[in-house]
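Chains as they are written, first to last, in the numbering used here: chain A, 211 to 615; chain B, 211 to 615.
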């Protein structure tokens with residue numbers, strides 16, 4: 211599999227666009243409405259937030275995807291349409307307006323929203339903007355669509371790859387957003403993927419679950435799981451491969467590529483955590499099993515104290531052990547080793563549960579790099595897992611202290 | 211029950227002291243060693259952190275309290291003696307030094323530490339300081355002891371009360387510390403309580419569990435549960451009441467007072483959260499049962515996004531619903547109401563899961579007060595619970611970005 215330039219229009223049969231229509235009232239230069247359209251009917255599936263409070267567009271999308279088919283994705287930023295008056299009616303009206311303009315069925319539209327919770331969606335602003343949005347659709351529209359789904363994101367998140375299935379080149383790509391409200395249980399993160407692979411909706415759903423489990427569910431920015439999370443995939447089938455309808459070798463090749471794409475987008479999200487100045491990669495090995503390793507690793511990257519220490523370039527490994535200790539996983543503290551690593555080097559700070567003397571100046575140098583790895587050996591079990599997070603900074607507080615205005 | 215002035219020396223038969231011996235190397239004006247001593251043998255019990263990683267002094271104290279008896283409490287701040295070389299040996303040596311100076315058995319000493327994890331305890335500094343510490347013991351020593359167990363605390367935490375048991379006046383008081391690393395599962399918080407009530411060690415343990423459950427386990431500062439948490443109670447029996455050896459009316463009167471004292475100390479801790487500018491009281495009613503109400507309330511006060519919104523005096527109730535939604539408790543989002551309240555007034559912001567129009571200026575005024583209440587109705591069940599937390603601020607990041615130096 212090779213990563214290539216591109217995003218949601220990399221695969222054959224997809225166009226996209228993104229414009230400003232006015233959902234974001236405070237900045238006319240910020241795009242706030244995105245559309246992705248397939249030339250042909252697509253097999254499609256999505257996974258959603260596990261939050262009990264679910265935004266209206268998720269409920270509408272779930273109904274629309276019941277038949278495993280879709281043609282378009284309509285997304286606004288600036289308003290979450292969650293816990294807000296007339297939420298479902300507005301989501302449905304948005305789908306209808308897009309469907310009419312595209313001459314497709316409203317039930318083939320995937321709809322999503324991200325932004326402030328609890329305020330009524332300005333649905334007229336959206337429906338009025340759809341003709342212009344449709345007029346801008348192009349195979350070069352992925353960056354505009356990626357920009358239009360951003361909220362506090364500082365970096366546009368696009369990714370694409372090509373790989374072979376049965377001798378045919380298959381393309382897979384996507385756009386994503388996510389910065390705050392991110393946590394292992396799919397926390398607002400939105401991700402829209404397209405592929406020209408011929409694959410059934412049922413296999414897409416299975417593949418998505420497999421990929422999300424090892425990517426978006428292994429990142430955390432702040433422990434808050436959003437009401438609006440969604441990851442959707444549409445497959446146009448134009449690659450010409452033999453349709454994937456069971457978990458055969460072709461399916462496994464597709465899942466492998468999907469995992470790589472999702473992991474790459476997930477890491478971009480973690481690195482773009484609100485206010486973050488460091489990407490933290492935490493690898494736990496030697497745990498009882500993969501699940502135990504994942505829980506330990508997630509606990510470390512979710513620890514506010516560890517995140518604050520990394521912000522301060524402070525090799526405070528005691529907080530790493532502390533976070534492992536309250537994770538709920540059983541392990542022998544006296545068997546734990548911890549090292550910090552970056553482009554500037556590696557330093558072992560704890561062995562068999564006890565502190566090692568280390569060069570504070572070197573530790574500072576290592577932790578001043580942007581990309582930090584916390585390498586943990588939790589025992590001598592077979593379980594290994596890597597999770598990704600970021601530091602917590604003054605800017606995180608600033609961004610979230612007054613988000614609505 | 212009446213709250214009275216005083217702390218750990220309020221009850222008959224207790225002396226205390228606190229001095230600087232040098233565990234805190236960076237500031238000679240900061241006390242770092244505390245001692246509480248009973249004139250007579252005491253029934254005693256303690257509860258400990260649930261963190262898998264337990265500090266050495268906890269293990270030593272657990273062994274010492276196996277017989278339900280104690281005479282003294284020795285506590286240092288500035289070093290946690292957790293994950294550090296020779297941890298248990300140093301904790302035992304500290305107990306021995308105190309026991310020799312006091313002419314009691316080393317196994318009657320409760321020992322605790324709080325501070326940086328992973329550095330070897332400077333045991334000689336402690337043992338060398340014990341003679342001076344013992345010479346300072348007095349019935350006025352509670353404030354000094356309270357000061358000597360502080361780390362990043364900005365406020366000394368003392369509390370005492372008097373109440374009647376069988377016509378006898380009983381005194382109960384304590385000192386506590388806790389600011390960072392605080393989370394519902396007793397997260398370093400230390401609390402040392404003394405009473406002159408005649409009560410068995412078994413009943414003390416039961417009473418402590420009851421009281422801790424509704425006090426320290428219902429506060430959160432940052433979701434990090436420490437390796438060093440401990441709450442211990444010694445009873446001198448000098449009040450002259452009929453000894454409490456079963457869960458009778460006297461026991462219930464004692465527990466009621468203990469709960470009040472622990473809740474008061476717990477609220478002081480939450481209000482003194484690292485860098486905090488607001489105390490947040492979150493009351494959930496209408497939940498399925500008390501446990502559900504507690505989980506919902508804890509999820510709200512633990513939500514980094516909600517904490518950041520309160521810091522910014524932003525009535526962002528969507529984050530409150532979001533935090534309830536990922537708490538793991540089942541509830542009907544369409545039945546939820548939310549209001550913000552303080553000395554400046556009350557404002558209803560959400561009813562039946564939908565936003566209400568509200569006066570932003572009044573909301574700002576309400577949320578600018580120090581003490582904020584989030585009042586949530588989660589449905590029409592009988593479950594009610596109140597938890598306490600604080601906002602997250604620039605200073606929290608500053609304090610924790612470079613804690614070790």
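Cβ coordinates follow ideal geometry from the N, Cα and C atoms, glycine included.
Which residues does DSSP list as the beta-bridge partners of residue i?
i	result
residue 399 of chain B	B:388
residue 286 of chain A	A:243, A:323
residue 491 of chain A	A:583, A:598
residue 380 of chain A	A:373
residue 442 of chain A	A:256, A:402
residue 550 of chain A	A:557, A:584
residue 564 of chain B	B:561
residue 454 of chain A	A:409
residue 212 of chain B	B:372
residue 367 of chain B	B:386
Any beta carbon from chain B within less than 9 Å of residue i's own beta carbon?
i	result
residue 329 of chain A	yes
residue 607 of chain A	yes
residue 465 of chain A	no
residue 527 of chain A	yes
residue 395 of chain A	Per-residue confidence for residue 395 of chain A stands at a pLDDT of 36, beneath the threshold of 50, marking its modelled position as unreliable; the derived number appears in the next sentence. Yes, residue 395 of chain A counts as interfacial toward chain B.
residue 559 of chain A	yes
residue 524 of chain A	yes
residue 216 of chain A	no
residue 556 of chain A	no
residue 415 of chain A	no
residue 587 of chain A	no
Please report the distance separating the alpha-carbon of residue i from that of residue j.
i	j	result
residue 219 of chain B	residue 528 of chain A	34 Å
residue 359 of chain B	residue 329 of chain B	18 Å
residue 573 of chain A	residue 422 of chain B	39 Å
residue 286 of chain B	residue 559 of chain A	24 Å
residue 216 of chain A	residue 383 of chain A	7 Å
residue 222 of chain B	residue 444 of chain B	11 Å
residue 276 of chain B	residue 533 of chain A	28 Å
residue 259 of chain A	residue 440 of chain A	6 Å
residue 474 of chain A	residue 415 of chain B	52 Å
residue 500 of chain A	residue 511 of chain A	16 Å
residue 605 of chain B	residue 364 of chain A	24 Å
residue 266 of chain B	residue 480 of chain A	36 Å
residue 556 of chain A	residue 544 of chain A	22 Å
residue 248 of chain A	residue 404 of chain A	9 Å
residue 504 of chain A	residue 428 of chain A	8 Å
residue 592 of chain A	residue 540 of chain A	14 Å
residue 336 of chain B	residue 313 of chain B	17 Å
Using a C-beta cutoff of 9 Å, does residue i count as contacting chain A?
i	result
residue 532 of chain B	yes
residue 515 of chain B	yes
residue 543 of chain B	yes
residue 617 of chain B	Absent from the structure is residue 617 of chain B, since the part of chain B shown begins at 211 and ends at 615.
residue 260 of chain B	yes
residue 428 of chain B	no
residue 390 of chain B	At residue 390 of chain B, the pLDDT of 45 sits below 50, so the modelled position is not reliable; the number obtained from the coordinates is stated separately. So, interface residue.
residue 584 of chain B	no
residue 537 of chain B	yes
residue 333 of chain B	no
residue 437 of chain B	yes
residue 602 of chain B	yes
residue 575 of chain B	no
residue 621 of chain B	A question about residue 621 of chain B goes unanswered here, because the residues of chain B that appear run from 211 up to 615.
residue 610 of chain B	yes
residue 599 of chain B	no
residue 462 of chain B	no
Given 8 Å as the limit, is there contact between the stretch 366-378 of chain A and the stretch 341-357 of chain A, that is, 3 or more CB pairs closer than that?
yes
Within 8 Å of chain E by C-beta, residues of the stretch 279-306 of chain B in sequence order
Here chain E cannot be found, since the structure's protein chains are A and B.
Any contact between the stretch 339-348 of chain A and the stretch 226-235 of chain A? By contact I mean 3 or more CB pairs, one from each, below 8 Å.
yes
Cβ contact (3+ pairs, closer than 8 Å) linking the stretch 298-312 of chain B and the stretch 369-389 of chain B
no
Are the stretch 479-495 of chain A and the stretch 588-600 of chain A touching, with three or more C-beta to C-beta distances below 8 Å?
yes
May I ask you to verify whether the stretch 513-527 of chain A touches the stretch 249-256 of chain B, counting CB pairs closer than 8 Å and requiring at least 3?
no
Please confirm if the stretch 549-557 of chain B is in contact with the stretch 577-586 of chain B, defined as three or more CB-CB distances below 8 Å between the two stretches.
yes
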